[in-house]
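In the order they appear, the protein sequences are chains A, B and C.
All you need for our numbering is the position in the first sequence, starting with 1, plus 148.
All you need for our numbering is the position in the second sequence, starting with 1, plus 15.
Under our numbering, the third sequence has 146 at position 166, and the numbering climbs by one with no breaks.
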Amino acid sequence: MTIPFPQIHWAYLLPVLLVVGGAVFVLMWDAFFPQRERSFLVTLTLAVLASALGASLAAQPGSEAASMGGMYLYDGFTRFVFALILLSSFFSVLLSAAQRSLEEVPAGDYLGLILFATSGMMLMAATRSLLMVFVGLEIFSLALYVLAGFLRGQPEGNEAALKYFLLGSFASGFLLYGMALIFGATGSVDLMEIAQRLTTSPPSRSPAFLLGLGFVVVGLGFKVAAAPFYMWTPDVYEGSPTAVTAFMSVGPKVAAFAAFFRLLLAVGPRAGAELDAILWVMAVLTMTAGNVSAIWQSNIKRMLAYSSIAHAGYILVALAAVRRGSDLATGSFLFYMLVYALMNMGAFCVVVAAGARGEERTRIEDYAGLGYTRPALAAAMALFMVSLAGIPPTGGFVAKFYLFSAAVKVGFVWLPVIAVLNSVVSVSYYLRLVVLMYMREPGEAPARPGLLGPGWSYALAALVLAAAGVLNFGIFPSSFFELALRSTLLLN
Amino acid sequence: MPREYVPILTLLALAGGFGLLTLAATFLFGKRRPTARKAAAYECGIIPQTSARGRFSVKFFLVAILFIVFDVETIFLYPWAVAFRDLGLYGFVVMLPFMGLLAASLVYEWKRGALEWD
Amino acid sequence: MGGLLSWIVFLPCIGGLALLFVGDGDEAGRRRVRLLALAVSLATFALSLALYSGFQGGTARMQFAEAASWMPQLGIAYKVGVDGLSLPLVLLTTFLTPIAILFSWEDVGRRVRLYHVALLFLETGMIGVFVALDFFLFYVFWEAMLIPMYLIIGVWGGPRRIYAAVKFFLYTMAGSVLMLVAILWLYFVQGGQTFDILAHLDRPPDPAVQGWLFAAFALSFAIKVPMFPFHTWLPDAHVEAPTAGSVILAGVLLKMGTYGFMRLAMPLFPSAARDFAPLILALAVIGIIYGALMAMVQDDVKKLVAYSSVSHLGFVMLGLFSFNLLGVSGGVLQMVNHGVSTGALFLIVGMLYSRRHTRLIADYGGIARVAPALSAFFVLTTLSSIGLPGLNGFVGEFTILAGAFQRNPAFAAAGAAGVVLSAIYMLWMLQRVLFGSRLAPANENLPDLSAREWAVMIPMAFLMFWIGLYPKPLLEKIEPSAQAWLAQVGRRVLRVEAPVLGPPGGLPLGRGPAPRGVAAAWMERLRGEGRP
């Protein structure tokens, strides 16, 4: 028995290959020439990410989307998610280059890990097979465990890495066990086949299948930091280097939500009302827990951690809508992730840029009077906060509007009502920062040239990119929403 | 379908029950006369020289982890080698990137000094 | 290039963006910022005058309408237009903004650039709310306007400014988000796949759900008005805001609530509006009386004026929910009147404050002797606010009461009691501040109006007299839309002898037959003829 050469669409695979190849090259380069300029590796990494982005945008998904038996799937959805993941990696590399506490770390290892994590996220999103979902998840999770504790001298970093590792492995176990149960109940790990089996013979009521589905939801819920599996998030976000926190708050969420999305599209409509209730409760709990906890935070990274939990709650609204078959849900989900990536990255970039050498400005009180000591930075922060709160004319508002539209369209009424009330709660903590920046006088004169290190140009680029995006999506969202809507899936 | 699992469950119950029963029985009925020799840690039948809780160099861990990583990958190579003829050209081609990555990581460790003791 | 209306909406915003590039580090820079902001707002006002003169009376159509595709996937479009209901409010906004900028000339000394940027952005938001004809666009302007107002209160306000700003923001936002869900519901469940407000006006939803939708819309507008139990943010916001902020807040922002009722909540859900009318009328009357009583006991002038706003806006609601032409026209007119007279009151309070740095009534007394011009304007504004015939306040209040009487004499009686109360607290305050024999030593050298303050007050006074004596041109533009609106809301339009409204009391410049028309209609009601 010889295995024939499968058809491989290299153009489709190219983005992933570029990222993996780039990661190996960066590692090797640093191993062979450790004394060279750091900025070369940063530029190289950015070039790798940009070319992967270009490759994925250039590869028009066609009819032969699935290759290698569904292990690798390149459709419109994949393409959009690739763009999101690559964008978030691009931002976090810019942030890493700007963050002064990361100047001493071995650049090759650090950047290589970011690239490997990126490839894992891409693989997780670009597959129909549950196994590949798991493999992709493990690839990026392992890289992130290391990245979380990359500043070895800091005890908070060690705590974050260990916590993330232990809880993350536990969640991976749930995920894998759930997949095994689903395989046991349906006889396949391929989502398309699973969907077919569920329609022809309905084993969807079988306890093994439901249990497996539940376990998978737990595992993915952990990765997207949904209630009640979000406990790790604030500690890990607080302890990790800020650039890594920014990366963790966007990339893994995009990947895990993408996998969640594909799963729900395949099994959702056939899995019955239990899933409806679970998603509903999860969404409400997640957004409420995130928003209410964020109010009491005094550390900006913790606040942003809870805020990202709240946003995961809003995105779960889109998932609930997907389960009910809302045709707007996919587009609004993708658009939301895009805007979320920009505004969250922007906010973290301000945190990085506001820090001075050796000490980061992580206490919220540190931002008092920033509007007068560093007006441009504060204006950018205010913009991102307003956008995160979902107030027009920013992208955050339009994204929420689309999201809730998708939910109302399939008959949810209380879910969007609770979500909008949550937005009101969120205003109180997002605006607290604006209050501090503009309505308080600056405290003892802050070290003004905080950013005049070699990394300032990277931070500037990230800030301008994010701010322009947030404003553009708030005022002229149409073309990108169209793109998101057209990124339909092959599964349906 | 659940009925198919009945024998497995029975076996599980029997095996677990036996273990628990044995433990409980020795705990309840056994006589305990501890001596220094009996209480000592068991090290292949040899009398321990020092406390078993001593520290040793982190380098051992590094080597152990490297060993495990490459060991597992070698195990992955073994079935491939056995079925090499049957897999044909495709089987050969797909293994190249895998070997390449393996080699790259070895080079990386080497250059990083992970293989040197001092 | 966009039409006239788009220019009016976005010119302030463009000006605000341009301001960002003007430095305000030194006195000359600050002067440049102020001049540029004033020029932009005056240009906007000039454009709106062109809008006024180009506006055709005698029709209820949307005029100067513009439409452009925006988010075609969801049927969202950029649609703007004005009719007789929104035109006066647009004019009011463009009129008050240059006044506010002029007043802030010396009042606001720090963060000058940010202040004017916020003010100009605010103007775009306010005008946008009044001219938007698409739900999404309306909501965007409605919310976007919160941020600059929040900054104006929070950065340049009084000692408790942060509390007041956050309270203002959270109250308003909490009210309006439910409206968002109601809008989405209308879009998806009601169908039509459009966010076009006019298209939805033609298709009122099933009466069974109207109640919920009306409640969602009404809550957000009631908080903005503010109606009685939701008014608590207003005194805080008014007292803490800088003078120009108070002027804009009282002059325009509160009108957005009543305008929302008029443009959206009532015509979209006519049967629910009728069902809720008793409740809202009762709350309006409570607001009138409660606001007046609260105003009476204040010892802070600014707080007094703030509570008088609660009372006056109660009149507007009373007029709107009378469901007749008198009430509605009076309501629209009263919105403008309140904007002018309360705005002027806040300006005068601001002038007093900038001289003495106190707002306590007890610290004043005998001001009329040292600052006669200021006192004269104060008296004039007060009289306009309490509705002296010949000034603007009278026309609005009288027509509203007449309309309320047609609906239910009890409400009219309660409203009339509010008028009496307002005369009491206003005149009492006037007496304590301006007259009285005692002149505190600190007040002896109080300067009279400066040239800049004259420039601020004269247009306000002119408007008071103009609306009071010769409102005909304005009313002619309002009336057809009010008629059409009534038809929309579903009540029979009250037939009265032509021109319904004019200054009653036979003032020389007014139109003669008008009072007879009102009175005749009134008598007809009383005799029970033509009751629906």
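In this text, a Cβ means the ideal position worked out from N, Cα and C, and glycines have one as well.
A Cβ-Cβ separation of about 7 Å places glycine 543 of chain A in contact with leucine 490 of chain A under the 8 Å criterion. Residues of the region 614 to 636 of chain A with a Cβ closer than 7 Å to any Cβ of chain C, in chain order: Pro625, Ser626, Phe629, Glu630 and Leu633. Residue environment for lysine 457 of chain C: buried (at least 16 other C-beta atoms within 10 angstroms of its C-beta). Note that the C-beta distance between alanine 343 of chain A and valine 415 of chain A is below 9 Å.
In terms of beta-carbon proximity, proline 540 of chain A lines the interface with chain C, with at least one pair separated by less than 9 Å.
Listed as beta-bridge partners of valine 60 of chain C by DSSP are C:Glu46 and C:Ala112. Proline 152 of chain A reaches chain B at Gly103 and Tyr105, counting residues in chain order whose Cβ is nearer than 9 Å. For tyrosine 550 of chain A, the nearest CB of chain C lies under 9 Å from its own CB, placing it at the interface with that chain. Where tryptophan 444 of chain A is concerned, there is no enclosing alpha helix (DSSP H), because DSSP gives it neither an H nor an E. The shortest C-alpha to C-alpha distance from leucine 354 of chain C to any of C:Ile132, C:Met276, C:Tyr333 and C:Gly319 is the one to C:Tyr333.
Note on valine 97 of chain B: under 16 other CB atoms within 10 angstroms of its CB, so exposed under the neighbour-count rule. Under the Cβ criterion of 9 Å, tyrosine 586 of chain A is counted among the residues facing chain C. Per DSSP, glutamine 64 of chain B lies in no alpha helix (DSSP H) and is assigned neither H nor E. Taking C-beta separations shorter than 7 Å and ignoring five residues to either side along the sequence, the partners of serine 267 of chain A in its chain run Val164, Val167, Val168, Ala171 and Ile287, following chain order. Annotation for proline 94 of chain B: the continuous alpha helix (DSSP H) segment containing it runs 73 to 97. Residue environment analysis places glutamine 155 of chain A among the exposed positions, since fewer than 16 neighbouring C-beta atoms fall within 10 angstroms of its C-beta. What leucine 175 of chain A touches in chain B, judged by beta-carbon distance under 9 Å, is Ala119, Ser120 and Tyr123, going in chain order. The way I'd put it, the region 313 to 322 of chain C doesn't touch the region 259 to 270 of chain C; fewer than three beta-carbon pairs between them come closer than 8 Å. In summary, the residues of the region 173 to 203 of chain A whose CB is separated from some CB of chain B by less than 8 Å are Leu175, Met176, Ala179 and Phe180, in the order they occur in the chain. Looking only at C:Pro427, C:Val413 and C:Ala342, the smallest Cα-Cα distance to valine 350 of chain C is reached by C:Pro427. Residue C:Ala40 holds the alpha-carbon nearest to the alpha-carbon of glycine 64 of chain C among C:Ala396, C:Ala57, C:Ala40 and C:Thr73.
Arginine 472 of chain A sits away from glutamate 386 of chain A, with the two beta carbons spaced by 9 Å or more.
When the beta-carbon positions are compared, phenylalanine 115 of chain C and aspartate 176 of chain C come within less than 9 Å of each other. Between alanine 403 of chain A and valine 229 of chain A, the C-beta gap is smaller than 9 Å, which places the two residues in contact.
Bounds of the alpha helix (DSSP H) holding tryptophan 408 of chain C are 389 to 414. Near chain A, meaning a CB-to-CB distance below 8 Å, the residues of the region 151 to 167 of chain C are Met153, Ala154, Val157, Leu158, Leu160, Val161, Leu164, Trp165 and Tyr167. Look at the beta carbons and you see the region 207 to 217 of chain C touching the region 284 to 303 of chain C: at least three pairs across the two are nearer than 8 Å. Under the three-state reduction of DSSP, arginine 511 of chain A is assigned to strand. In the DSSP assignment, histidine 211 of chain C falls outside any alpha helix (DSSP H) and carries neither an H nor an E. In this structure, valine 413 of chain C keeps its C-beta atom at 9 Å or more from the C-beta atom of glycine 323 of chain C. Residues of the region 107 to 128 of chain C that bring their beta carbon within less than 9 Å of a beta carbon in chain A comprise Phe116, Tyr119, Val120, Phe121, Trp122, Glu123, Ala124, Leu126 and Ile127, in sequence order. Exclusion of the five residues before and after histidine 96 of chain C leaves Leu(-1), Val13 and Ala17 as the residues of its chain whose Cβ lies within less than 6 Å of its Cβ.
Assigned with DSSP and collapsed to three states, aspartate 338 of chain A falls in strand.
Contacts between glycine 138 of chain C and chain A, judged by CB atoms closer than 8 Å, are missing: the closest CB pair is about 12 Å apart. For glycine 399 of chain A, the CB contacts under 6 Å within the same chain, skipping 5 residues up- and downstream, are Ile233, Ser236 and Met269 in chain order. Close to methionine 42 of chain C, with beta-carbon spacing below 8 Å, lies no residue of chain A; the smallest spacing is near 23 Å.
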